[in-house]
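Only one structure is covered here, and it is reproduced in the block below.
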Amino acid sequence: MFPVVPERALLELARTEGGSDTLTLLVRDQDTRRLLLLRAVLDAAEGAERSVCTAAQKARLRADWALLTEADRLPSPGAPTSEHRPGRAATRRDRDAPPGARGTSAVADAPTGAWSTHAAGDAPTGAWRSRAGAGAAPAGGDARFANPARARLFHPLTGPWARSCLRGLDAAPGPAGGERERRLRRDLAHFSAIAAVVAAGAGIPFSTRLTARAGVLALPSLGALHTARSGDVPVDVTCTEGRLVLRQADAPDVTVHLESGVGAWSGALAWTPAHALPGLTPTAPPLPLDDLDPYRELPDGPGHGDLRTPLALDDAERKRWLQAWSGTALALRAGGAQRLTEAGALLRCLVPLETPPDVGTGRGSCSATRREAFGALLSSTPPDPVTLAATLVHELQHAKLAALSDLVTLHRAGPAARYFAPWRADPRPYDGLLQGTYSHLALAAFHQRRALVGGLPDRDWAWAQHARYRAQVGAALPALVGSPDLTVRGRRFVDEMAATHERMAEHPAPRGHVARAQAYVASARTLWTRRHASTLPPSNG
C-alpha cells in the first residue's frame, strides 16, 4: 500500500537534502495517510455506541461527508461538464447517495482494510473508499490542488482535528454532559464548517446550520465570525455565487465575500478574515498565516514545554511577519538551493506562537512541528529573515524525518531517555537524539553555505553558528552510529549523516569559532554529567 523508499532517496535525506522526486514521495505518502485517518474517523463514528455518537450526529456526519465528496467530484477549474459544473446546487438525492453512485472521486475512494474491517462493498453509507496513493498532492502547497476539497483535506490542521475526533469516538462512554462529550460535539461541528467551506469554494449553493465554538465560528481558510453571544451559538449559513450570509439570533446578518485562495472579506466588524503571506517564490501560492483555526494549539505534554500558546496577530505583528518573510527566500537560497526547494514542497501553513519570556531578545525565537499536522510550522514572531529561514530549515528536517520514519524503520530503540544532547539539559531517548542531531546537521550545513557566500554582511555570525551546530552534531553522532538498535537501512542513514558531517571539514570555520564551539559543548557535557550520570547508564561514551 505504501511506497518503498529507494536507496537514492534514503541517502539524499540522510544528507538533509532531497530532490523533487524524493520530497514528492514523502508528501504523497503523508497525504494518503491523511485519507486513511479521515476514513478512520468515519468508521469510528459509525461503530460508536449511541451514548458516544448519537444517531443525529452520525446522520450529520454522513451529510457533511457527502457534501465534501460532491465538491471533490467537481472538475478542475476551467473544465466544467454538463453533469458537474460550478454553481449547480447539490440536491438531497445527490448527497444521500452512497459514494461511488455518482461517478468517481479520489476523495471518495479511501483505502479499505487499513483502518476498518469493512469490505469495500460493506462500507457504511457515506464512507470514503480509496486506492492507495489516491489524493496524492503535488509538492508545493495547498493552492496547487485541483479543487478546494483536496486543499482542505490536506491542510495540516485537519490532522489534529481528526485525531481529536478519534480520541472522543474511541473513548468509553461517560456521564452525559461530560468534557469528552462536549469536546466531541465541537469536533463534529467543526467538520460541518470544513464541509461548508469546501462547498462554497467549489461553487455549490447550500443552506446549513453551523455551531460557533465559545462565541467564534471558525471557517477554515476564510476567517472567523465573532457571535453576539458567548458559548456555543447556532449560526445559519447560506451560500450563493461566492457569497456567504451568516445569520444569528439578536444580531445583524454578516455577508462574507470569498476571495481567490485564502481569505474572505466583509465590512462587518464581527468578521475576522484569514491571512496569508505572499508565495515564497513568484510562482508559489500564498502561504496561510493561520491564527484562527481552533486546532492550532500544541497538545499538552512535556515535549512542547511552554509552546502551547498560539498567538492571535494584530496589525503590528502581521507587519513584522511580513517583513521577515519578504527576505526569507533569499536567505534560504544563500544557504543552499535545496533549502528553498524543500520549503516550497513541504510548507503548507505557518501558525504564530507567543514568544516565551525565556527566549530573550536579538535573534531569539521558538518553534515547533506536530507529527499529526504535516506541513504546519509553529513559530513565534521572527525577528529577521535569516532567523525565519533557519527556523524553516530546522523544523522542516523534523517533518522530513518523521515522514521518512513512517515509511522506513530506522531503529528499534526503546523510549528510555538516557542520551546526552548538547542542545538539551535533559536526557533524550534515542529517537529524540536522532531527530535533534538531524535538524542540527542541516543547520550546520545551512550556515556554512551562507558563510561561504562572498560579501555576506553577517558572515562572521554565520561561521559562529556553523561551528556551534557542527560541534554539537559531532558530540551526538557516536551514540547514534554505535547503537545496536539500528536496522540495516537505519545504519545506512546514520552513516551517511556522519559522512556529511565529516565533509564539512573541507571548509572549516575560523579557529576561534571552532575553539569556542568545542568549549561550549564540553561545558554542556560536564554540566549534564553532574546532573544525570549517577542515575543513568553510559550513553555517549
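Just so we're aligned, residue 770 is where the sequence shown starts under the numbering used here, counting upward by one. Where a beta carbon is used, it is the ideal one built from N, C-alpha and C, also for glycine. Note that this is a predicted model, so its numbers are computed, not measured.
Across the region 1140-1160 and the region 1091-1099, are there enough close Cβ pairs to call them in contact, namely three or more that are closer than 8 Å?
yes
I'd like the list of long-range same chain contacts for L1161, defined as Cβ closer than 6 Å, with 5 residues on each side in sequence excluded.
Within the sequence shown, the letter at position 392 stands for residue 1161. If we look at L1161 and ignore the five residues flanking it on each side, its Cβ neighbours are A1112.
Quick one: complete beta strand (DSSP E) runs, 3+ long, within the region 953-989?
975-981, 985-988
Rounded to whole angstroms, what is the Cα-Cα separation between A962 and A1194?
For this step, residue 962 is matched to residue 193 along the sequence shown. For this step, residue 1194 is matched to residue 425 along the sequence shown. Straight-line Cα distance between these residues: approximately 43 Å.
Looking at the unbroken alpha helix (DSSP H) that takes in T1050, where does it start and where does it end?
In the sequence shown, residue 1050 corresponds to position 281, counting from 1. Here T1050 belongs to no alpha helix (DSSP H), and DSSP marks it neither H nor E.
List the DSSP bridge partners of R1102.
Working through the sequence shown from its first residue, we reach residue 1102 at position 333. DSSP, once it has assigned bridges, lists no residue as partnering R1102.
Comparing alpha-carbon positions, which option in R919, S1035, Q1204 lies nearest G1259?
The residue labelled residue 1259 in the question sits at position 490 within the sequence shown. Out of R919, S1035, Q1204, Q1204 has the C-alpha closest to the C-alpha of G1259.
Out of S999, H1044, R978, D798, point me to the one whose CA is closest to G1030's CA.
Within the sequence shown, residue 1030 is the residue found at index 261, counting from 1. Minimum Cα distance to G1030 is reached at H1044.
Decide if E1275 is buried, meaning its Cβ has at least 16 other Cβ atoms within 10 Å, or exposed.
Residue numbering aside, residue 1275 sits at position 506 when the sequence shown is read from its first letter. The residue is exposed, with fewer than 16 neighbouring Cβ atoms inside 10 Å.
I believe L1067 touches A1137 by the beta-carbon criterion, under 8 Å. Please report the beta-carbon distance rounded to the nearest angstrom.
The residue labelled residue 1067 in the question sits at position 298 within the sequence shown. The residue labelled residue 1137 in the question sits at position 368 within the sequence shown. Confirmed, about 6 Å.
Quick one: complete alpha helix (DSSP H) runs, 4+ long, within the region 1130-1204?
1154-1176
Going by other Cβ atoms of all chains shown within 10 Å of its Cβ, with 16 needed for buried, is R777 buried or exposed?
Position 8 of the sequence shown, counting from 1, holds the residue named residue 777. Flag for R777 reads exposed.
In this structure, how does DSSP classify P929 when only helix, strand and coil are distinguished?
As a working note, residue 929 is residue 160 in the sequence shown. Looking at P929 - three-state DSSP - the assignment turns out to be helix.
Among D1127, V796, P925, which has the Cα closest to the Cα of D1059?
The sequence position of residue 1059 within the sequence shown is 290, counting from 1. D1059 has its Cα closest to that of P925, out of D1127, V796, P925.
Within 10 angstroms of its Cβ, does S990 collect 16 or more other Cβ (buried), or is it exposed?
Taking the first residue of the sequence shown as 1, we reach residue 990 at position 221. Looking at its Cβ environment, which holds 16 or more other Cβ atoms inside 10 Å, S990 is buried.
Could you check which residue in A918, R949, P1196 has the C-alpha nearest to that of L1298?
Sequence index remark: in the sequence shown, residue 1298 carries index 529 (1-based). Correcting the residue identity first, residue 1298 is Thr in this sequence and not Leu. Among A918, R949, P1196, the Cα nearest to that of T1298 belongs to P1196.
Buried or exposed for E1164, going by 16 or more other Cβ atoms inside 10 Å?
As a working note, residue 1164 is residue 395 in the sequence shown. That one is buried.
Opposite D1005 in the DSSP bridges: which residues?
Translated into the one-based positions of the sequence shown, residue 1005 becomes position 236. Per DSSP, R978, R1016.
Quick one: grab the DSSP three-state call for T1298.
Position 529 of the sequence shown holds residue 1298. Three-state result, T1298: helix.
For my contact list, V1242 and A1213 are in at a C-beta cut-off of 8 Å; report their separation, rounded to the angstrom.
As a working note, residue 1242 is residue 473 in the sequence shown. As a working note, residue 1213 is residue 444 in the sequence shown. V1242 to A1213, Cβ: 6 Å. Contact.
Quick one: residues in its chain with C-beta nearer than 6 Å to the C-beta of V967, no 5 flanking neighbours on either side, listed in chain order?
Position 198 of the sequence shown, counted from the start, is the residue given in the question as residue 967. Here the set comprises L837, A840, P917, A918, R921.
Cα separation between L780 and L1091?
Counting from one through the sequence shown, the residue named residue 780 turns up at place 11. Counting from one through the sequence shown, the residue named residue 1091 turns up at place 322. So the two alpha carbons sit approximately 35 Å from each other.
Cutting at 7 Å between CB atoms, please list the residues of its own chain near R1065, excluding the five before and the five after it.
Counted from its first residue, the sequence shown places residue 1065 at position 296. Only L926, D1059, P1079, V1120 meet the Cβ criterion.
When you compare the CB positions of D1005 and R998, do they come within less than 8 Å of one another, or not?
Taking the sequence shown and counting its residues from 1, one reaches residue 1005 at position 236. Taking the sequence shown and counting its residues from 1, one reaches residue 998 at position 229. The answer is no: Cβ separation not under 8 Å.
Between which residues of its own chain and C1118 is the CB-CB distance below 6 Å, once the five residues before and five after are set aside?
Against the sequence shown, residue 1118 aligns to sequence position 349. Only P925, P1057, D1059, A1145 meet the Cβ criterion.
Measure the C-alpha to C-alpha separation of G1104 and Y1199 and round it to an integer number of angstroms.
Taking the first residue of the sequence shown as position 1, residue 1104 is located at position 335. Taking the first residue of the sequence shown as position 1, residue 1199 is located at position 430. For the pair G1104 and Y1199, the Cα-to-Cα distance works out to about 28 Å.
Is the Cβ of C934 closer than 8 Å to any Cβ of chain B?
No chain B is part of this structure, which consists of one protein chain only.
Any chance the region 1282-1294 sits against the region 1211-1225, with 3 or more Cβ pairs inside 8 Å?
no
Can you tell me where the alpha helix (DSSP H) with A1025 in it begins and where it stops?
What you label residue 1025 is simply residue 256 of the sequence shown in a count that begins at 1. Reading the sequence as shown, one finds Val at residue 1025 and not Ala. Careful: V1025 lies outside any alpha helix (DSSP H), inside the beta strand (DSSP E) at 1023-1027.
Between D1083 and I973, what straight-line distance do the alpha-carbon atoms span, to the nearest angstrom?
Position 314 of the sequence shown, counting from 1, holds the residue named residue 1083. Position 204 of the sequence shown, counting from 1, holds the residue named residue 973. If I take the Cα positions, the gap works out to 33 Å.
Using the beta-carbon count (16 or more within 10 Å), is L807 buried or exposed?
As a first step, residue 807 is located in the sequence shown; it is residue number 38 there, counting from the start. The residue is buried, with at least 16 neighbouring Cβ atoms inside 10 Å.
With DSSP run on the structure shown, which of helix, strand or coil describes L1255?
Residue 1255 sits at position 486 when you count from the first residue of the sequence shown. If DSSP states are grouped into helix, strand and coil, L1255 belongs with the strands.
Quick one: Cα of V1263 to Cα of V985, how far?
As a position in the sequence shown, residue 1263 is number 494, starting the count at 1. As a position in the sequence shown, residue 985 is number 216, starting the count at 1. In a straight line, the C-alpha of V1263 is about 47 Å away from that of V985.
Quick one: grab the DSSP three-state call for A997.
As a first step, residue 997 must be located in the sequence shown, where it is residue number 228. Coil, per DSSP.
Leaving out five residues before and five after R1261 in sequence, what residues of the same chain have Cβ atoms less than 6 Å from its Cβ?
In the sequence shown, the residue the question calls residue 1261 occupies position 492. Excluding positions up to five away in sequence, the list is empty.
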